[in-house]
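Enquirer:
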Amino acid sequence: MTDPREIQALVDSANIPLRDRVVPEPASVSSPNGRPRSSWTARDLLQADFPEPRWAVPGVLAEGLNLLAGAPKLGKSWFALTVGAAVAYGGLALGKISVERGEALYLALEDPPRRLQRRLRLTLGGDTAPEGLFFETVWPCLLEGGCERLDDWLTEHPACRIVVIDVFAKVRGPVDRNVNQYEADYMAMAGLKILADRHAVAILVVHHTRKASADDYVDTVSGTHGLAAAADAVLVLSRSRGSADAKLHVTGRDVEEADYAMEFDPARGSWSLLEGPAEEYELGTTRRSILVHLRENGPASPKTIAEALGLEHETVKKTCQRMAADEQVGTDGTGTYYDLSPASPVSPEGHEGHKGQA
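Under our numbering, the first residue of the sequence shown carries the number 12, and numbering increases by one thereafter.
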C-alpha cells in the first residue's frame, strides 16, 4: 500500500492548492464488529493493507481450507500427524521445510486413544510431547454443532496454525438424498472455509480418492467436484511408480501448483520430501543418476559424468542423447548437457530441526 506521506509529497510537487489536497486514509480490512469486511469500493479495495497469508507449511499448506485426499492405507493420517507435530514444535516439517511454531488441533476421529498413542510415540521418536499439540477423538457433525465448537476452540486458541480433520466422513453428517449432490458436498465444506478465513488458520481435511483413475488428479477425489471447489487448495497423495513411495500433488489459490516426491519412514512414522522433481523418481537408475549429477555439479560432458559416476562413457553418452531427445536434460549442441529441472516452490531450510518432524 502507498504510504500517505508519499502521496502528500506527490501532491506538494504538483503545486495543488491546500484546499484541494486529499490524503486517503488506509482502508481497514475489518468491519467495526471485528469480523472480516465484506463490502468495498474499488478505491478502498486497492488501498487496503492485507496481511500476507499465514503458512502452516510454506509452499504446501497455507491458511484456508485444504483438502488432502489419498487411497486407503496410503499414509494420509501419518502425513497429517507429521505436519501437526512439526507445527507444534516449530523447526522443520516433512524433513526440509522451516515452519513457524504454533498450536495444532488434530481431530483423530478414526483412531482410538491407544492407537493414537502408539502413532504419536513413533512420530515423536522418544522426544517429549509438544505442549501445543491437542487431540480430540470425538467431534460433533459440522451442521450439528461441530462448526460452532470449532469456532469456540479457535477463539480460545489464537496461536493455532493448523487444524486436522481426520477424516471428513466422520464430521460430514447425513446426506439428504433430495439435495443436489454437488451442492451437498459444497455446503458440507462451506462452514469450515468460513472458519479458516475467520481465524486465519490452515484447516486440513483428510478424505479419500475414488478407485477409478483420472487424467486430472483433482478428479480422483471421492465425491462430486463440490468438495474440491469449496477448498482453497487440494492435495492428493498417490502411489509412485518409481523409487519414491508416493507423489504429493498440490494445487490451490494461494499455493503454487507442484508435484513432490515423498518418502515414508515406517520406523519413525513420518513422511519427508525427497530432493528433485517428482518425475525424476520414475526414471531408470542411470538417467536419475545423471540428472542428480547435473543438478548438483552443473553442466558437464558425458565423459565427465561417466568418470564421476563410475559408468561406461559410451553408455552415458547414449543415455544423455536419449534424455535430450526426451527433454529431460538440455544440451548446447557441443556435447555438454545441463539440468532442466525447474526450481522447487518449496525452499528447504538448512538449519537444525526437531528430529521428530522428518
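Don't be surprised by glycine CBs; every beta carbon is placed ideally from N, CA and C.
#1: Between which residues of its own chain and A199 is the CB-CB distance below 7 angstroms, once the five residues before and five after are set aside?
#2: Confirm the yes/no value for this check: CB of E121, any heavy atom of the ligand FMN, distance under 7 angstroms.
#3: Got a sec, what are the start and stop residues for the alpha helix (DSSP H) E307 sits in?
#4: Let me know the secondary structure DSSP gives G101 once reduced to three states.
#5: Would V186 and T220 qualify as a contact pair, given that the criterion is a beta-carbon distance under 8 angstroms?
#6: Confirm, please, whether the CB-CB distance from G81 to A170 is below 8 angstroms.
#7: Would N77 be called buried (16 or more neighbouring beta carbons within 10 Å of its own) or exposed?
#8: Hey, is the stretch 330-339 in contact with the stretch 292-303, meaning 3+ C-beta pairs nearer than 8 angstroms?
#9: With contact counted as at least three CB pairs below 8 angstroms, one residue from each stretch, are the stretch 64-72 and the stretch 202-215 in contact?
#10: How long is the line joining the alpha carbons of L85 and H260, rounded to whole angstroms?
#11: Just list the alpha helix (DSSP H) runs in the stretch 186-246, keeping only unbroken ones of 4 residues or longer that don't cross its boundaries, in chain order.
#12: Name the one or two DSSP bridge partners that Y349 has.
#13: Is DSSP giving T379 helix, strand or coil here?
#14: Between the beta-carbon of L118 and the beta-carbon of E147, is there less than 8 angstroms?
#15: Using a Cβ-Cβ cutoff of less than 7 angstroms, which residues in the same chain neighbour Y193 once the five nearest sequence positions on both sides are dropped?
#16: Start and end of the beta strand (DSSP E) containing E147?
#17: Please state whether the Cβ-Cβ distance between L351 and V340 is less than 8 angstroms.
#18: Kindly list the residues whose CB is nearer than 8 angstroms to the CB of R130, restricted to its own chain and excluding five residues on each side of it in sequence; keep chain order.
Expert: With the given structure in hand:
#1: L153 and R183
#2: With respect to the ligand FMN, the structure shown offers nothing to examine, as it has no ligands at all.
#3: T296 to N308
#4: coil
#5: no
#6: The Cβ atoms of A170 and G81 lie no closer than 8 angstroms to each other.
#7: buried
#8: yes
#9: Yes: the two stretches touch, three or more of their Cβ pairs being nearer than 8 angstroms.
#10: 14 angstroms
#11: Listed in chain order, the alpha helix (DSSP H) elements of length 4 or more contained wholly in the stretch 186-246 are 192-210 and 237-241.
#12: G341
#13: In the structure displayed, the chain extends from 12 to 369; residue 379 sits before or after that span and is not available.
#14: yes
#15: Contacts found: T235, H236 and G237.
#16: L144 to E147
#17: yes
#18: S88, W89, L92, D122 and G280
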